[in-house]
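Worksheet for the structure shown next.
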Amino acid sequence: MRRVRPLGMVLLLVGLLIPAMLGEAQERGITPTEIVIGSTVPLSGPVSYWGSGVGGGIDAYLKWINEQGGVHGRRFRVVLRDDSYFPPRAVLNARELVEREGVFAIVGMIGTANTFAARDYIIESKALWITPTSNDIWAGFRNRKYLFVTWPSYLHEGRILTQYAAEKLSTKKIAVFYQNDEYGLGLLRGVKYGVGTAKGVKFVGQASYEVTDADVSAQAVKLRASGADTVFLAATPTAGALIVREMAKLGFRPTLLATFTLGDPIMFRLAGEAWNDVYSTAYFPLPGTGDAKVDQMLATLIRINPALRGSPYNALAGVTFIEPLVEAFRRAGRDVTKEKVVAALETLRNWDGEVSRSVTFGPERHQGLNRLRVVKASNGQYVNITDWITYPTQY
Amino acid sequence: MVDLVQYAVGGLAAGTLYGLVALGIVLLYRSSRVLNFAHGDLGALAAFVAFTFLVRLEWPFLPAVASSLVAAAALGVAFYFFVLRPAREATLLGRIVVTLGLALAVNGAITLVWGADTKVFPFPLSDVRVYRIGSVVVSQMSLGLTAVGLLLMALLYLLVQRTKIGLAMRAVSQDLVAAQALGIPSRRIFALTWGLAGALGAAAGILTAPVTLLTPFMMLDPFIKGFAAAVLGGMDSMPGAVVGGWVLGLAESLFAGFVSFKFKTTFAFLIIILTLMLRPEGLLGREYHRRV
Amino acid sequence: MELRQRYEEDLYLVRGPAAWLAVAAGLIGLFLFPLYAPGYVTFTVVLIAVNAIIAIGLNLLTGFTGQISLGHAGFVAIGAYAAGLLAARVGLPWWIAWPAAGMIAAAFGFLVGLPALRLTGPYLTIATLGFGIAVHQVLTNWEALSGGRMGLAIPRVTFGPAALSADQRLYYLAVSIAVLLTWVAYNLARSHVGRAFVAIRDSDIAAEVIGVNLTRYKTLAFAVSAFYAGIGGAMLAQALRHIDPQLFTLFESIYYFSMIVIGGLASIPGAIIGAAVLTVLPQQLSGFREWLPVIFGSAIILMMALEPRGLYGRWLRIKRYFTTWPL
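As you go down the protein sequences, you meet chains A, B and C in turn.
Quick note: the first sequence uses our numbering, first residue -14, plus one each step.
Quick note: the second sequence uses our numbering, first residue 831, plus one each step.
Quick note: the third sequence uses our numbering, first residue 14, plus one each step.
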């Protein structure tokens, strides 16, 4: 054993020196002809609706950029990996994306659990990380030099919709139907915050469901029993459609408020008539609300990947994740390094892309998005009913 | 009081679905001792097949559903002949893992072919049209579902208890070698059981789809609850499967309504475990005497 | 073929110089591995070690004792949260917190073992499955204890020389514990306890008749198995440094169960092989995107169809072929 030890020490030193000597001659993930972008999203399992839409949107958008010749002669290559919504797999995917595929940036990552599990590693790896969709976990988080987020705040969304309902829809009693996870809880906190700041509205009840629940009839009865005149839906499209149908079945028709991910046109098909007059918010112009650029982009995405027809909202959301990064590459010029891309991102001021609107970053501000507008569903279409409402940035 | 009855109605409707799923699980377990973890996903697949017939090819309802039931039965038989028989050396647990692999593959195939987005399944009975009894509301769909569930249970009970095929099924499950020695074509019996179970799963899937909307994962929760219902009722009892489903659905719904949504599944399983402590063979199961 | 003359010789763990050499080579290989492997590979091996510990524990329960558990993720969760809370809130060092986490999980294992005295087959499956779901729901909703869905941050363990990277230190810690627990499992399996387990699996009534105390050994099997799961959970928490109830769902329980069946029931190397295959395979396939479940599911079916006794059975056949070669 004693003889082994010096040998081990030597091997150890050699082992440590080899990677140090190899070093990195050029920026990871950037070659003269190519920029490598990685993403890990759930493409299988119960949350795959989200993952395949967002991942597909990112993929199709970059293909479209490549069709036009890429940026400064470089084409984008996307390495999309499936984590099935398992945190350990998300962590391993992030590691393999950085260490094996050598990606320049990781775009997205869905869910607070996965984001949390991979956070330390991605931050330490110094890979650029664009818009993990999670609850607001970044306020007070120090190391976010390479982290840029353009995702609305659940807390402020819940507050804004609640205040709007109290002021304009004469809401007196509000109840919340929410998914029992960080997503639903974040919105629930937002509604309670809104109830605290608005006048004349009371919080009367809440009913939660699990993402795998097939039956929400008990929740509908509970919401009716709460005596609410307004119900806020913090749910997935499927569960949102189910609860609306169950409430309609009971003859319970309160004013409905729905979180922004339910601004999906698919809701009209799933919930049918009952979806009319639902109030929701939007952080980019929803398709069919009169914004030609967004409608054009959606048509392009569907042309490139026809499967995206089934999840138009998520595909467009995917575009909002990646767009600012592509713009930063345009601004950073031909001779690009990571620091230049970061600097370019930080020059974005009220920047409008194909889908994104008013993205602002700065050296002290990595929360790119701070406004929402209220929309209303009527006759199978969403209609803008307020102007943009801004909320304070936190990081 | 109105709320109490309404919770109960919702619970019974959900319970009927669990019972329907449980019937297929029980049928297979009785004859082959295999727990089929792919049962739910086969049902979902059948619902998607029916969806294609109905919406894409615009067939009338009955032929579309009948064809998808036949397709699911064929898939069950094919699975038995091409996967389970070649792997017959596998232990019982090995066969369970094979069905787990099948569940994964079938589910993945559904997502590949039809996409992960949610779809609306057209159905002649409406889930939104309701009947009012006092101030309690029952939907047309729930009534239809309950009727179909009871009918299927009765037919299966007759098949297993009153026909020669049923007798053969019971024989192969109790002693395979003796049954073969008596000239029972065990392979055909097993294939028939798999086919029947596939069709039952398909029926459960097609009846679930209009209620929960059509997604590749719609059978995840009904399958687990159906499995639990089968165990609660007794793994070898057809009426037990339906009763188990109802008890489970009622327990969940009432507990959710009056105590907590978050712990309703925990509560349901607590009831199951307590029941099993008192009756290890389930509510309506027959006690199985083992010999050394 | 060597001739065994005494009964004790049959019990030796490592037989003959060739076997000793193989074990030594394996250990040295494990020691040198992280010095050359890239970080993500090292990390993958850490996850394999974690899963192997859990799978070995589950195999002691299911493979050796014949008791099915589809709630093992519950024990893993208890270990992970116990270790995390003891380290984060009480401030205990890992070498106290981890064994304590294992013991807490073992206590729960003992409790779950009590219904198992009366239940078998699918009835036991549902009882353990219910336990797993209960643990998940309690951890999700008891926010004061677990941090709820926001999860729990795990303080980093400081262990080993500072010259090594964090991955390497974690690797040495995880692999040493895995080797130690593998050795313990081998010893347990060949002792009178292991023989009692096997007797219960083959026929619990017969075992009772010949004097095996069913109550003691069935609950012991559950407790030992849960201890392994608890230690595995503590290590998983350290590897991810952030835990969340979503890590411990029914899917994970099914995964652990598949590991031992695919690797080989009632076999310790089988559990390790199964853990390695089911950790690496989906990861390597994740580039196939939407095709992953289809390919992974088919691979599981294929492995069971070709090797109904598990992958370890294949290894035994190869070995047997070469021991008699060239005959």
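Where a beta carbon is used, it is the ideal one built from N, C-alpha and C, also for glycine.
Query	Result
Run the CB neighbour count on C/Asp215, radius 10 Å, all protein chains shown included, and call it buried at 16 or more, exposed below.	exposed
What residues from the stretch 1039 to 1067 of chain B come within 9 Å of chain A, judged by C-beta to C-beta, listed N to C?	Val1041, Thr1042, Leu1043, Thr1045, Pro1046, Phe1047, Met1048, Met1049, Leu1050, Asp1051, Pro1052, Ile1054, Lys1055
Mind listing the chain A neighbours of C/Leu305? Cutoff is C-beta to C-beta under 9 Å, in chain order.	Leu28, Ser29, Asp67, Ser69
Got a sec? Which residues, its chain only, sit under 6 Å from B/Gly841 by beta carbon, not counting five neighbours each side?	Gly1079, Leu1080, Ser1083
For the stretch 288 to 313 of chain A, enumerate the residues whose C-beta is nearer than 7 Å to any C-beta of chain B, in chain order.	Ala292, Gly295, Ser296
Can you check whether the C-beta of C/Gly143 is within less than 8 Å of a C-beta belonging to chain B?	yes
Starting from A/Asp280 and walking both ways along the alpha helix (DSSP H), at which residues does that stretch end?	277 to 289
If you run the structure through DSSP and keep just helix, strand and coil, what is A/Ile122?	coil
Checking the sheet assignment: what are the DSSP bridge partners for C/Ile218?	In DSSP, C/Ile218 forms no bridge with anything.
Closer than 7 Å, Cβ to any Cβ of chain C: which residues of the stretch 908 to 930 of chain B, in chain order?	Val913, Pro916, Ala917, Glu919, Ala920, Thr921, Leu923, Gly924, Val927, Val928, Leu930
Between the stretch 310 to 325 of chain C and chain B, which residues of the former have a C-beta closer than 7 Å to a C-beta of the latter?	Gly310, Ser311, Ile313, Ile314, Met317, Ala318, Pro321
Closer than 8 Å is the cut-off here; do at least three beta carbon pairs connect the stretch 912 to 920 of chain B with the stretch 972 to 985 of chain B?	no
Should A/Ala160 and A/Ser211 be called a contact, given that it needs their Cβ atoms to be closer than 8 Å?	yes
Compare the C-beta of A/Val201 with all C-beta atoms of chain C and state if any pair is closer than 8 Å.	no
Please look up how many angstroms separate the CB atoms of A/Lys111 and A/Tyr131, rounded, as I've assumed it's under 8 Å.	6 Å
When every heavy atom of the ligand SAH is checked, does at least one fall within less than 7 Å of the C-beta of B/Ala946?	As for the ligand SAH, it is missing from this structure, which has no ligand bound.
Could you work out which residues of chain A lie near B/Val851, taking near to mean beta carbons separated by less than 9 Å?	Ordered by position in chain A, no residue passes the 9 Å Cβ test against B/Val851, which lies about 11 Å from the chain.
For the alpha helix (DSSP H) containing B/Gln836, list its first residue and its last residue.	832 to 862
Could you have a look at B/Val958 and say whether DSSP puts it in helix, strand or coil?	coil
Between which residues of its own chain and C/Pro128 is the CB-CB distance below 6 Å, once the five residues before and five after are set aside?	Ala140
What residues of chain C sit near A/Pro72, judged by a beta carbon separation below 7 Å?	Leu253, Asp257, Gln259, Leu260
Using DSSP's beta-bridge definition, name the partner residues of A/Arg350.	A/Gly347
Inspect the beta-carbon positions of B/Gly1031 and B/Gly873 and report whether they are closer than 8 Å.	yes
Just mark C/Ala250 as buried or exposed, buried being the case when its beta carbon has 16 or more other beta carbons within 10 Å.	buried
Please compile the residues from chain A whose C-beta is within a distance smaller than 8 Å of the C-beta of C/Pro30.	Near C/Pro30 there are no residues of chain A at all, since even the closest Cβ is about 19 Å away, more than 8 Å.
Taking Cβ to Cβ, would you say A/Val189 is nearer than 8 Å to A/Ala151?	no
Based on Cα-Cα distance, which residue from A/Leu77, A/Leu227, A/Thr182 lies nearest to C/Leu51?	Reading off the sequence, residue 51 of chain C comes out as Pro, not Leu. The shortest Cα separation from C/Pro51 among A/Leu77, A/Leu227, A/Thr182 belongs to A/Leu77.
Residues of the stretch 273 to 285 of chain C in Cβ contact with chain B at a cutoff of 7 Å, in chain order, please.	Val274, Ile275, Leu278
Using DSSP with H/G/I as helix, E/B as strand and the rest coil, what is A/Asp67?	strand
When the Cα of C/Thr57 is compared with those of A/Arg66, A/Thr274, A/Ala79, which residue comes out closest?	A/Ala79
Give the secondary structure of A/Ala114 by DSSP, where H, G and I count as helix, E and B as strand, and everything else as coil.	Position check: residue 114 of chain A holds Trp in this sequence, whereas Ala was assumed. It is a strand residue.
Would you decide whether B/Asp957 is buried or exposed? Buried here means 16 or more other CB atoms lie within 10 Å of its CB.	buried
Distance, Cα to Cα, C/Ala220 vs C/Phe335?	37 Å
Unbroken alpha helix (DSSP H) runs of length 4 or more, entirely within the stretch 262 to 313 of chain C: which are they?	263 to 276, 281 to 298
Could you check what DSSP says for A/Asn99 in three-state terms: helix, strand or coil?	helix
Within 10 Å of its beta-carbon, does C/Glu156 have 16 or more other beta-carbons around it, so buried, or fewer, so exposed?	exposed
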